[in-house]
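**Student:** Got a structure here, written out as structure tokens. Questions coming.
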Amino acid sequence: MSKRLPPRDGEWIDRDQPVQFQFEGKSYEGFSGDMLSSALWANGVRLLGRSFKYHRPRGIYSLANHDVNLMVEDGSRTNMRGDMLPIEPGLNVRSVNTSGGLESDRLRIMEWFSKFLPVGFYYKAFHTPRRLFPFYENQMRKVAGLGKINAANELTVSPKDYAFCDVLVVGAGLSGLAAAISAAEQGLQVLLVDEQPRPGGSLAWGCASEPESGQLLEGLLEQVDGLDNVQLRCGTQAAGCYGDHWVALVDDQRLTKLRARSIVIAAGCFEQPAVFGNNDLPGVMLGSAAQRLIQLYAVKPCDRAVVLAANSDAYHAALDLHEAGVDVAAIVDLRPEGESAEIVQRIADAGIPIHNGHTIYEAVPGSGKKSVRQAVICRVDDQGISETGSKNHIDCDGIVMSVGWAPNVGLAYQAGVRFRYDNNVEQFLPAKLPAGVFVTGRANGVFDLEARIDDGYRVGLAAAAHLGKYDDEIPEPIVHDGPPPSHSFPILTRSKKKNFVDLDEDLHLADFANAHQEGYDNIELMKRFTTVGMGPSQGKLSNMNAVRILAKLNGASIDDTGTTTSRPFYQPVPLQHLAGRRFHPRRRTPINNWHVQADAEMVYAGAWLRPEFYRVDGKSRDECLFAEAASVRANVGMIDVGTLGKIQVNGPDAVRFLEHIYTGRFKKQAVGRVRYGLACDETGVIIEDGVVARIADDRFYVTATSSGVAAFYRDLQRWAMIFAMDVTLVNVTGQLAAMNIAGPKSRDVLRELTSVELEPEAFPYLGVREGTVADVPAVLMRVGFVGELGYEIHVPASQGLHVWNAVMQAGESVGIQPFGVEAQRLLRLEKGHLIVSQDTDALTNPYEADVAWAIGKNKPFFVGARSLQIAWQKELTRQLVGLKFDAKNRGPLPEECHLIIAEGQMVGRITSIAKRSTLGHPIAMAFVRPDLAEPGTRIHVRVDDGNMVPAHVTTMPFYDPDNTRQE
Amino acid sequence: MRQDNFERNKQMKIIDCPINGPRPLQEFHYGGEVRDMPDTATSTDEGWADYIFNRNGEPGIKREWWYHIASGTWFIAERDNCTDKFLRTYLYTAERRDE
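Sequence lines, in order, name chains A and B.
Note that the first sequence covers residues 391 to 1357 in this note's numbering.
Note that the second sequence covers residues 1192 to 1290 in this note's numbering.
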């Protein structure tokens, strides 16, 4: 660890705990508390990674959790940023995006081609010919891009947590700590988060040469410690802000879904780079990065440094470097007037020369561009352009720049804060805050130590006032006094070398000029064309300069140029933290276990599990379900229909209500009778069907489809309010079990079990009776969905299995057979009964579906009536018909949704098909053009292989057209 | 300077159900804008089609139907669709319709 400095107060490393780790196959030693980047730098390693496009050598740049330069993978995790990856024993990582290792990456030849790879090159060059794109894409993926995903990784599930607080404070620096303290003092529950492993913000690293500020931090932390209602969570990023102060907190373990009542954003600033030639070489770094290295990790950033300055922070960085034993060769200050504070005297005392009104023109690389050898500086003229005539070379192995800041306010944008550009501090400042959201500290343009504490207290009180816990005076916001901490345009060179603006995406100054020349003069367009800010750091180090460059190119103000949108997440979040538990609610009928024991193949029908068919050894699925259907036709079968929607409609207005909802008439419906109910929406489209049973004068029991009942019941509730009708609606779907026993022998099976008189005279078709079945109170309905004599039995869910068993037992002697959903679908198709949403779609009206008979004559009103009145006057565009296929057809038969073709045009589609029916030939239901709806018309259906299968239009029902079987 | 209101995230909101109090958005179903049905006996085909098919998306305060799924409660919310703020929620009351 040749570059490790002697122990210092406040360092984050534990020198008693050395840690061995491997990088690129070599072993190194660091200390517990080191990040991968700092540990490597301490070992004298300067080449940490290769850039995205040109594969240029890169080193430490920000050390603030947005260095894309060092991204590593360990075989299971990838794209881990080295500046935030703690080293631990056994860590063994490689740099991503190299070919043949970091040191001699074969892809470094990419830079030779850079002249031929201008911005937008890929868009222009690789879109034709289209058939070659997969090849291009494959090649590009190999060259560009980041780490590889190990698809063999095991699924790991990370926990989700929920949290609530009065005030969320984002950032535990000076202002954040002060805000947390002042809000907590007003009795509020405060959650304070910081993405760094320890609190302190810029004070943790920016105070190396200012011991008194270290004491300031300790004082604040002690105060926070003493407050029970402040919770501090470090290593936690506020990743995104959503509606009503819902904030996603992400740490290395989990996602915490936080609901805050108020948000204080005290997230500070990102230091912004200057743009000059070769400003990406290992050894070129931000002032704050150098200070972090020195103070947090006790690592010497370089041996001889040139400091590029445009604010007082640079001078503090220079002093920190000097104090750490770095030979500071010069301070190069972009500003003609230089720094005016007493700090200049301290710089002079340290013997550091200052060049005011100068810039670094370019950095001269060492061998392989893996280091800095010299800084070339020159004067800046009064137009802000470098005078290349005045070039001067200074030997150095490090260039440290501190020229400005951009506020860390992505979260504030997401929370709805509006920003404007402020020339007093040369940065964006909040202009309009939504209720309950506050911005403080450097993000709010407040830079002086004392002022930052005051500003934090101010917003703490403001948050308390917002939450009704404080009604006294709130201090006025603080306005920055003194020269701006940021340079208005730190892009002063015209170096022929690459002047990088975005290190993530390898974009340099010329790319922006080219994009602008091509007409991309809007920030959102320029972002998409150049991809600036679209790398892993999301432009934290590049967006501000990009806006400044575009504003200058357009001759517009920064405000008029605008910014791009800040979307979640603040930092890359592993998908593992976001992945849900794949939780899907499942509904089982009370008879479910019986089905499972009877070896039923269970399928989902919406959330319900239903038997598709019952397996029989040695028989195929189709054979099984056909046998079930045949048993219903010839003998007796029973199906669990507990999933049916079941609604009670009671009250004095029940009849009137049902007449408003359904297309049919119910006024004259006798007690004890069942009618078909067809419901449309206001546009006249069929939305539901079922039966309506009149139990008493003011008591109805209606059924609805399994998947539609929730929405239908919701609609009914609303209509009852809108119509102001005195009805009570109860959705009893889950409270009742239901089964349908059907077939010629169903009456015989049931006779012994029920108190209800079953003879046809006493209980005719479409009757409803109350009584008992197997001593359980039951409602029995005679309905004909499957087209045979049958009884639907509805009993309390708790008794469902008992009744089912009793019926099965009673039917044993005649060979009763349970049947599943598939057999029922076949049977109802033979009977020509449509299934809403299977044989109808989102535009089907009753005329098209051939159920106009269900519309009551001369009804003054029902939902959809007015629309159907209009539809009736228009010509039909399609009709639902039956299709009959030739029994001798041996080729593939159509599937549902296959198209009917006539003269090369689509003229219809299959909605339901049975490839085998009890009628001896395949049948289907289909929509066809009305001129093809005449029975006997020959049509052709195109099947998957392109063949045309002929069929004849026929009348429905296919089976028992005179309805004699169900009577 | 361009500030994009529409980009803001509309998820994870809290709605104040008049019966159950503030509950997360996931517990609710949106039922569309509150619109008065024209008299079906007198409205023209065009007037009816306008009611059925056209929706007014202009910025402003909307009266909307919302449904609290778990308790089966329909209510009306007044919402500013510019700021996506719920201003007021209350139960629906209707005059009884004469026939």
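Just so it is clear, CB atoms sit at the ideal spot from N, CA and C, and this is done for glycine as well.
The model shown is predicted, which means the values in this text are computed figures rather than measured ones.
#1: Between the segment 790-797 of chain A and the segment 699-718 of chain A, do at least 3 Cβ pairs fall closer than 8 Å?
#2: Closer than 8 Å is the cut-off here; do at least three beta carbon pairs connect the segment 1022-1041 of chain A with the segment 1131-1141 of chain A?
#3: Output needed in chain order: residues of the segment 1094-1112 of chain A with a Cβ under 7 Å from some Cβ in chain B.
#4: Taking contact to mean at least 3 C-beta pairs separated by less than 8 Å, is the segment 1298-1307 of chain A in contact with the segment 1209-1223 of chain A?
#5: Comparing alpha-carbon positions, which option in A:L1322, A:P874 and A:G1210 lies nearest T1033 of chain A?
#6: Indicate whether at least one CB of chain A lies closer than 7 Å to the CB of R1199 of chain B.
#7: Who are the neighbours of T1231 of chain B on chain A, taking C-beta pairs under 7 Å?
#8: In three-state DSSP terms, what is K759 of chain A?
#9: To the nearest angstrom, report how far apart G591 of chain A and L564 of chain A are at their CA atoms.
#10: Over the uninterrupted beta strand (DSSP E) stretch that includes A796 of chain A, give me the two end residues.
#11: Closest by CA to T1231 of chain B, which one among A:A903, A:E1293, A:A1255 and A:L819?
#12: Residues of the segment 1229-1253 of chain A in Cβ contact with chain B at a cutoff of 9 Å, in chain order, please.
#13: Quick one: does D1236 of chain B have its CB under 7 Å from some CB of chain A?
#14: Does T951 of chain A come out as helix, strand or coil in the three-state DSSP assignment?
#15: Taking C-beta to C-beta, are D896 of chain A and S441 of chain A nearer than 7 Å?
#16: If A562 of chain A sits next to D584 of chain A, beta carbons under 8 Å apart, how far is it from one beta carbon to the other, in whole angstroms?
#17: Figure out for me which residue from A:V1193, A:R651, A:M530 and A:G794 has the closest Cα to the Cα of M500 of chain A.
#18: Please name the residue or residues paired with H967 of chain A in a DSSP beta bridge.
#19: Below 8 Å, can you find three or more Cβ-Cβ pairs linking the segment 1078-1094 of chain A to the segment 1059-1068 of chain A?
#20: Does the segment 431-440 of chain A come into contact with the segment 666-676 of chain A, if we say contact requires no fewer than three beta-carbon pairs (one atom in each stretch) closer than 8 Å?
#21: If I follow the unbroken alpha helix (DSSP H) through C1014 of chain A, where does it start and stop?
#22: Within its chain, find whatever has a CB closer than 6 Å to the CB of R763 of chain A; leave out the 5 residues flanking it on each side and keep chain order.
#23: Keeping to the same chain, check which residues put their C-beta closer than 6 Å to that of F1197 of chain B; ignore five residues upstream and five downstream.
#24: Taking the CB atoms as reference points, tell me whether D1043 of chain A and D1116 of chain A lie closer together than 7 Å.
#25: Return the Cβ separation of G388 of chain A and V1318 of chain A in integer angstroms, given the expectation that the two are a contact with Cβ distance under 8 Å.
#26: Cβ of I1260 of chain A less than 7 Å from any chain B Cβ?
#27: Does the segment 808-821 of chain A come within contact of the segment 709-719 of chain A, defined as at least 3 CB pairs closer than 8 Å?
#28: Just verifying my parser: in three-state terms, what is the DSSP assignment at V986 of chain A?
#29: In chain B, what lies closer than 7 Å to W636 of chain A by C-beta?
#30: Work out the CA separation of K550 of chain A and R971 of chain A for me, nearest whole Å.
#31: Please say whether E752 of chain A and N834 of chain A have beta carbons closer to each other than 7 Å?
#32: If I follow the unbroken beta strand (DSSP E) through M461 of chain A, where does it start and stop?
#33: Give the DSSP-derived three-state secondary structure of R496 of chain A in the structure shown.
#34: Identify the contact partners of H1220 of chain B in chain A, using a Cβ-Cβ distance below 8 Å as the criterion.
#35: Please give me, in chain order, every unbroken run of the alpha helix (DSSP H) with length at least 4 that falls completely inside the segment 593-623 of chain A.
#36: Show which residues of chain B have a CB atom less than 7 Å away from the CB atom of T1073 of chain A.
**Tutor:** Based on what the coordinates show:
#1: With a cut-off of 8 Å, the segment 699-718 of chain A and the segment 790-797 of chain A count as touching, because enough Cβ pairs lie within range.
#2: Under the Cβ criterion (8 Å, minimum of three pairs), the segment 1022-1041 of chain A counts as touching the segment 1131-1141 of chain A.
#3: Against chain B - using a Cβ distance shorter than 7 Å - the residues of the segment 1094-1112 of chain A are R1104, Q1107, R1108, M1111 and I1112.
#4: Pairwise C-beta distances place the segment 1298-1307 of chain A in contact with the segment 1209-1223 of chain A, as three or more of them are shorter than 8 Å.
#5: Taking only the C-alpha atoms, the option nearest T1033 of chain A is A:G1210.
#6: With a pLDDT of 40 at R1199 of chain B, under the threshold of 50, the modelled position of this residue cannot be trusted; read the value that follows with caution. Yes, because at least one Cβ of chain A sits closer than 7 Å to the Cβ of R1199 of chain B.
#7: Using a Cβ-Cβ cut-off of 7 Å, T1231 of chain B is close to F1251, A1255 and R1256 of chain A, given in chain order.
#8: Helix at K759 of chain A.
#9: One Cα belongs to G591 of chain A, the other to L564 of chain A, and the distance between them is close to 7 Å.
#10: Residues W795 to P797.
#11: Comparing C-alpha distances from T1231 of chain B to each of A:A903, A:E1293, A:A1255 and A:L819 shows the shortest one belongs to A:A1255.
#12: Legend: CB atoms of the segment 1229-1253 of chain A lying less than 9 Å from CB atoms of chain B belong to residues P1250 and F1251.
#13: Closer than 7 Å: yes.
#14: In the structure shown, T951 of chain A adopts helical secondary structure according to DSSP, grouped into three states.
#15: Judged by their CB atoms, D896 of chain A and S441 of chain A are nearer to each other than the 7 Å cut-off.
#16: Right, their Cβ atoms sit about 4 Å apart.
#17: Ranking A:V1193, A:R651, A:M530 and A:G794 by CA distance to the CA of M500 of chain A puts A:M530 first.
#18: According to DSSP, which records beta bridges pairwise, H967 of chain A is partnered with nothing at all.
#19: The answer is yes - the segment 1059-1068 of chain A touches the segment 1078-1094 of chain A, with three or more Cβ pairs under 8 Å.
#20: Cβ pair count under 8 Å is three or more, so yes.
#21: Counting along the chain, the alpha helix (DSSP H) containing C1014 of chain A begins and ends at R1011 to A1024.
#22: Closer than 6 Å at the Cβ level, and outside the excluded window around R763 of chain A, lie V754 and G756.
#23: Because the pLDDT of F1197 of chain B is 35, which lies under 50, any placement of that residue in the model is unreliable, and the question is left without a value.
#24: Contact flag set, yes.
#25: Because residue 388 of chain A is not part of the residues shown, which for chain A are 391 to 1357, the question remains open.
#26: At least one chain B Cβ lies under 7 Å of I1260 of chain A.
#27: They do not touch, by the three-pair rule.
#28: V986 of chain A: helix per DSSP, three-state reduction.
#29: Correct list: M1203.
#30: Each residue's alpha carbon lies about 10 Å from the other.
#31: No Cβ-Cβ contact shorter than 7 Å links N834 of chain A with E752 of chain A.
#32: Per DSSP, M461 of chain A belongs to the beta strand (DSSP E) from M461 to E463.
#33: DSSP places R496 of chain A in helix when its eight states are reduced to three.
#34: The contacting residues are R1104.
#35: For the segment 593-623 of chain A, whole alpha helix (DSSP H) runs of length 4 or above, ordered along the chain, are 601-615.
#36: Under the 7 Å cutoff, chain B gives I1243.
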